[in-house]
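First to last, the protein sequences are chains F and U.
Using full-length UniProt numbering, you'd call the opening residue of the first sequence number 1 and step up by one each time.
Using full-length UniProt numbering, you'd call the opening residue of the second sequence number 1 and step up by one each time.
Note that CB positions come from ideal geometry on N, CA and C, so glycine has one too.
Here's the structure we're looking at; comments come further down.
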Amino acid sequence: MTSATLPAVASASTKPSAVRPGRILLYVVLIIGALLMITPFLWMVLTAFKSELEILKFSWLPGELRWSNFSEAMQTAPFLRYFRNSALIAIGETAFTLLICTTAGYALAKMPLKGGKWLLGYFIVLLLVPFQIILVPLFMIVKSIPLFGGNNILGQGGIGWLNSWWGLIIPLGAAPFFTFLARQFFVSLPDELAQAARVDGLGEFGIFWRIMTPLIKPALITIAVFQIEAAWNGFLWPLMITTSDEMRPLQLGLAIFSQNPAEIQWPYLMAGTALATLPMIILFVFAQKRFVEGMANVGIKG
Amino acid sequence: MSTTLERPALAASGKSAVAKDKGTLTRSQVRTGWALLTPALLHSGIFIVIPVVAVLVLSLTDYSFGDTWSWVGFGNYSDLFGDVDFQAALWHTVLYALIVIPISMALSLAVAIGLNQKIRGIGFFRTAFYIPTVTATVAVATIWLWIYNPGSGLANGFLSLFGFAPNRWLADPNTALGSLMVVGIWQGLGTKIIIYLAALQGVSRDLLESADIDGASRWQKFRNVTLPALGPVQFFVLITSIVGTFQVFDLVYVMTRGGPGSETRVLVLDIYQNAFQDLKLGYASAETVIMMIVIAVFIGVGRLLQRADTND
Numbered sequence: 001m002t003s004a005t006l007p008a009v010a011s012a013s014t015k016p017s018a019v020r021p022g023r024i025l026l027y028v029v030l031i032i033g034a035l036l037m038i039t040p041f042l043w044m045v046l047t048a049f050k051s052e053l054e055i056l057k058f059s060w061l062p063g064e065l066r067w068s069n070f071s072e073a074m075q076t077a078p079f080l081r082y083f084r085n086s087a088l089i090a091i092g093e094t095a096f097t098l099l100i101c102t103t104a105g106y107a108l109a110k111m112p113l114k115g116g117k118w119l120l121g122y123f124i125v126l127l128l129v130p131f132q133i134i135l136v137p138l139f140m141i142v143k144s145i146p147l148f149g150g151n152n153i154l155g156q157g158g159i160g161w162l163n164s165w166w167g168l169i170i171p172l173g174a175a176p177f178f179t180f181l182a183r184q185f186f187v188s189l190p191d192e193l194a195q196a197a198r199v200d201g202l203g204e205f206g207i208f209w210r211i212m213t214p215l216i217k218p219a220l221i222t223i224a225v226f227q228i229e230a231a232w233n234g235f236l237w238p239l240m241i242t243t244s245d246e247m248r249p250l251q252l253g254l255a256i257f258s259q260n261p262a263e264i265q266w267p268y269l270m271a272g273t274a275l276a277t278l279p280m281i282i283l284f285v286f287a288q289k290r291f292v293e294g295m296a297n298v299g300i301k302g
Numbered sequence: 001m002s003t004t005l006e007r008p009a010l011a012a013s014g015k016s017a018v019a020k021d022k023g024t025l026t027r028s029q030v031r032t033g034w035a036l037l038t039p040a041l042l043h044s045g046i047f048i049v050i051p052v053v054a055v056l057v058l059s060l061t062d063y064s065f066g067d068t069w070s071w072v073g074f075g076n077y078s079d080l081f082g083d084v085d086f087q088a089a090l091w092h093t094v095l096y097a098l099i100v101i102p103i104s105m106a107l108s109l110a111v112a113i114g115l116n117q118k119i120r121g122i123g124f125f126r127t128a129f130y131i132p133t134v135t136a137t138v139a140v141a142t143i144w145l146w147i148y149n150p151g152s153g154l155a156n157g158f159l160s161l162f163g164f165a166p167n168r169w170l171a172d173p174n175t176a177l178g179s180l181m182v183v184g185i186w187q188g189l190g191t192k193i194i195i196y197l198a199a200l201q202g203v204s205r206d207l208l209e210s211a212d213i214d215g216a217s218r219w220q221k222f223r224n225v226t227l228p229a230l231g232p233v234q235f236f237v238l239i240t241s242i243v244g245t246f247q248v249f250d251l252v253y254v255m256t257r258g259g260p261g262s263e264t265r266v267l268v269l270d271i272y273q274n275a276f277q278d279l280k281l282g283y284a285s286a287e288t289v290i291m292m293i294v295i296a297v298f299i300g301v302g303r304l305l306q307r308a309d310t311n312d
């Protein structure tokens, strides 16, 4: 036993003390990699401060910081409205997801349902269905939601949820991914807590709502953070179902803004892109741990 | 004698009481469970399961939003085989997946191994590599559209430092798809790095240490301890990468619209145009079904390759 542990200890103690060339190379490679990741964003911010004349030739730094580019970009397109719309969609989808997916996740994790394994398998299979595959029929279903948008009870005659907040929020909320994520977090809670609450006479729903759910608060934040990001960055679905600027989200606004390459005013476009990107970068910097935890949970335990 | 008789009787009656109690308990649990699960089942049924089934049915029709439609059997499918746009889209998507997936998996595993070496500033590196992933693809595409600008973009500016002639990137049929792949790889690294990093931290220290004792080289340790331990995670990353690359749309829509010519036309763009510009919903559905089949083939082959790799 001792003969086995000794070399390990010895090798462990020699490793960190010496500055080896391999270590320096590692840092150099990682720093170059990190720069490759960050430079495009830096280039975006630098361009946002430049004048129309400055961007005719390649240069790194702007001659002066034109903060006015940001306010002028806001006026060339209804960016403020796009912002509001994106925020509304993100909040709506997140609230809907938290409600639907935590309840379902809890039932899958803690309730003795017949065929519980099959139900879990069902959600895992759905998790693998790419959104692009259901694009066409989803559009038709949303178009024929009964009694909305001039539709009759059979879902015909009108536009249903097209061009509506319902259509933007409900179909894409509550993705199976989040039900699975919630289930993963509930599974790790000990059953004794629920038992103790049962002895105290609390009903099953009360146990879920007042005992178990508060315990997975970090998981709820993880789910919220992922859902906010997904909703904020969504593009294809809003592109399909909105027909007016009234409800268009930010990404759609950006894409419209950059549609005609010959007439793009790059400093304004980069200013708009920077403003659109900033909220998610801030969200990530503050909630880094949640992102990492969430990915790890799905990837590893999944 | 009497005691031995009594004991089982007691135990039995105690058991039945517990069982009865458990029975009512279970019943109320089952009721609550179904109540909690039903909204999610309804939602996924309406917005995922029905559409998946509907795509299969639609693909056999000539539906196009009108009042009349008819069954066309496999007509859409045979039409697709003669459709040059579809062929270009399928070929470009497959090529995109075949190049982007291996490169991004290898790069992200390498970076994750680097980050797993107890280095300083891990938070900084993690943020740097993950920021492209949290950024909307539309925003990423907009930034790179400007980087690839032939006149005064960063890409040509950077090349000119080394005396290279300017390139037309997205406008040049030879480089357009490759330029998109670079962005796809660049944006997709973050998620994979974080998953690999979490998995690497779960690789058994004992195994690595005993390999050390046996005098294994770094490569041998990686090949025989780390890589096999990453097996399930590799599969997860592979599947999500396959599904992700086949979905490529935002990038192409903003940066090239499938051009120049059809050089960067991909499947989802073709489906989108067939369905929502030409209103050929049945035709687009048939295209979707073929995409599903190709994704399934990719996943199957990927699985076989990984099995072969872990068995040797």
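Chain F places a beta carbon closer than 9 Å to that of residue 43/U, counting this residue as a contact.
With 16 or more other Cβ atoms from the protein chains shown falling within 10 Å of its own Cβ, residue 183/F counts as buried.
When DSSP reads this structure, residue 71/U sits in a beta bridge with 61/U.
Sequence-distant Cβ neighbours of residue 113/F in its own chain, meaning closer than 7 Å and more than five residues away, are 107, 119.
Relative to the Cα of residue 235/F, the nearest Cα in the group 247/F, 72/F, 49/F belongs to 247/F. Contact check for residue 40/U against residue 270/U fails: the beta carbons are separated by 9 Å or more. At a cut-off of 9 Å between beta-carbon atoms, residue 106/F makes contact with chain U. When the Cα atoms are used, residue 264/F and residue 181/F turn out to be separated by approximately 42 Å.
Along the stretch 204-233 of chain F, the positions whose C-beta sits under 9 Å from a C-beta of chain U are 204, 205, 207, 208, 229, 232, 233, read in chain order.
Judged by DSSP in its simplified three-state form, residue 162/U adopts coil rather than helix or strand. Shown here for residue 207/U: same chain residues with a beta carbon closer than 8 Å to its own, the five before and five after excluded, namely 225, 229 in chain order. About 29 Å separates the beta carbons of residue 242/F and residue 102/F, which is beyond the 8 Å limit, so they are not a contact pair. Listed by position along chain F, the residues whose Cβ is nearer than 7 Å to that of residue 276/U are 240. Rounded to the nearest whole angstrom, the CA to CA distance from residue 277/U to residue 64/U is 11 Å. Restricting attention to 133/F, 195/F, 162/F, the CA atom closest to the CA of residue 147/F is found in 162/F. Sequence-distant Cβ neighbours of residue 140/U in its own chain, meaning closer than 7 Å and more than five residues away, are 132, 183, 187. Annotation: the continuous alpha helix (DSSP H) that includes residue 147/U extends over 137-147. In this chain, residue 247/F is not harboured by any alpha helix (DSSP H), its DSSP state being neither H nor E. Straight-line measurement puts the Cα of residue 62/F at about 8 Å from the Cα of residue 51/F. As the crow flies, the alpha-carbon of residue 217/F is around 13 Å from that of residue 287/F. Residues of the same chain with a CB within less than 6 Å of the CB of residue 75/U, apart from the 5 flanking positions on each side, do not exist. Within 10 angstroms of the beta-carbon of residue 196/F lie fewer than 16 other beta-carbons, which makes it exposed. For residue 104/U, the enclosing alpha helix (DSSP H) stretches over residues 84-115. Counting only runs of at least 4 residues, the stretch 167-208 of chain F fully encloses the following alpha helix (DSSP H) elements, listed from N- to C-terminal order: 176-187, 191-199. The alpha helix (DSSP H) runs lying completely inside the stretch 23-105 of chain F and spanning 4 residues or more are 68-76, given in chain order. Residue state for residue 241/U is assigned as helix, using DSSP reduced to three classes. Judged by DSSP in its simplified three-state form, residue 201/U adopts coil rather than helix or strand. With fewer than 16 other beta carbons inside 10 angstroms of its own, residue 152/F counts as exposed. Taken in chain order, the members of the stretch 23-48 of chain F whose beta-carbon sits within less than 9 Å of a beta-carbon on chain U are 23, 26, 27, 29, 30, 31, 33, 34, 35, 36, 37, 38, 39, 40, 41, 43, 44, 47. When C-beta distances to chain F are compared with 7 Å, every residue of the stretch 78-96 of chain U stays at or above that value.
With its beta carbon at least 9 Å from every one in chain F, residue 303/U lies outside the interface.
Residue environment: residue 250/U is assigned as buried (16 or more neighbouring CB atoms within 10 Å of its CB, all protein chains considered). Interface annotation for the stretch 56-73 of chain F against chain U: 56, 57, 58, criterion Cβ-Cβ distance under 7 Å. The Cβ-Cβ distance between residue 76/F and residue 231/F does not fall below 9 Å. In the structure shown, residue 222/F falls within a helical segment according to DSSP collapsed to helix, strand and coil. The alpha-carbon of residue 251/F is positioned some 6 Å away from that of residue 138/U.
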